[in-house]
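This report concerns only the one structure given below.
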Amino acid sequence: MNERIEISDDDMLSALVARLGRGEKVELTRDGKLVAEIVDRADPPSYDPEAAKSAAARMIARRKGQTLGGITIRELIDEGRRY
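Everything in the sequence shown is counted per full-length UniProt numbering, starting at 1 for the first residue and increasing by one.
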């Protein structure tokens, strides 16, 4: 059942988790407007170490040749603290 439900502050999180466990979708609203949907994750994503290594290699390759134009990281940090 994918029905829209209204909950009060007194409802327990465990009750929402139980509904998710039964395959229901929970929609969160504020002032009658949908702000979020919570659904059960039936199949959690798997970790692929080779994909992670490949992504890291692509990030490293993209940054080659990129510089800060002589500015140090410390200067950037100090500049950010001024505001």
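From the three backbone atoms N, C-alpha and C, an ideal C-beta is built for every residue, glycine too.
With distances taken from CA atoms, which of the options is nearest residue i?
i, options, result
"R41", "K25, R62, A55", "K25"
"V39", "Y47, D48, L28", "L28"
"E37", "E50, Y47, R19", "R19"
My output table needs one value for residue i: the three-state DSSP class, helix, strand or coil.
i, result
"M64", "Correcting the residue type first, residue 64 is Lys in the shown sequence and not Met. Reduced to three states, the DSSP call for K64 is coil."
"V39", "coil"
"R30", "strand"
"S54", "helix"
"P45", "coil"
"M1", "Annotation note: pLDDT 48 at M1 (below 50); position unreliable, coordinate value reported separately. Three-state DSSP puts M1 in coil, outside helix and strand."
Just to confirm the assignment, what range does the alpha helix (DSSP H) spanning residue i have?
i, result
"I73", "73–81"
"G21", "13–21"
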